[in-house]
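One structure below.
In full-length UniProt numbering, the protein residues as written are 1 to 167.
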């Protein structure tokens, strides 16, 4: 019951402050109340817009002063980097500058998100294996391609005379 009384008192104070009750009448029109509320809202919105415009100008000034080197990055580069990271290009209601700032933030927080970390020893072993495979492939290629069925027999330097000495 106390809550209800408090609400009634609150409404009476609100009516007195809005000056809707004129000439000591006990009643008022709802249209008058709505019109007064709209006037108050318009005044508040105008004040809010002025504050937003001022803050937006200050932010633009700080962006141009503080990070002029970051603004030289072209838009297609920002898109490419965001796609590499699997991030959306633009979020809803986001400007291109905000997308660029989000990219910078992602780059700082996660430098190499998709590249992964590799063991140096494992990488060196793969290079050695690849070099060994390249060497095998290079040595197995026949130098003369006269016939299809020819077999490449390496010359070991053994002559017929050497074979006679052995037997």
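Just so you know, even glycine gets a beta-carbon here, dropped at the ideal spot from N, CA and C. Everything numeric in this text was worked out from a predicted model, so none of it was measured.
- A distance below 8 angstroms between beta-carbons, with the five flanking residues on each side excluded, links residue 151 to no residue of its chain.
- By the criterion of at least three beta-carbon pairs nearer than 8 angstroms, the segment 95-107 is in contact with the segment 73-82.
- If you draw a straight line from the Cα of residue 37 to the Cα of residue 27, it is about 17 angstroms long.
- The Cβ-Cβ distance between residue 43 and residue 33 does not fall below 8 angstroms.
- In the three-state DSSP reduction, residue 159 falls in the coil class, being neither helix nor strand.
- In the structure shown, residue 47 adopts helical secondary structure according to DSSP, grouped into three states.
- A residue is called buried once 16 or more other Cβ atoms fall within 10 Å of its Cβ, and residue 73, having fewer, is exposed.
- Look at residue 19 here: in three-state DSSP terms it is coil, with no helix or strand label.
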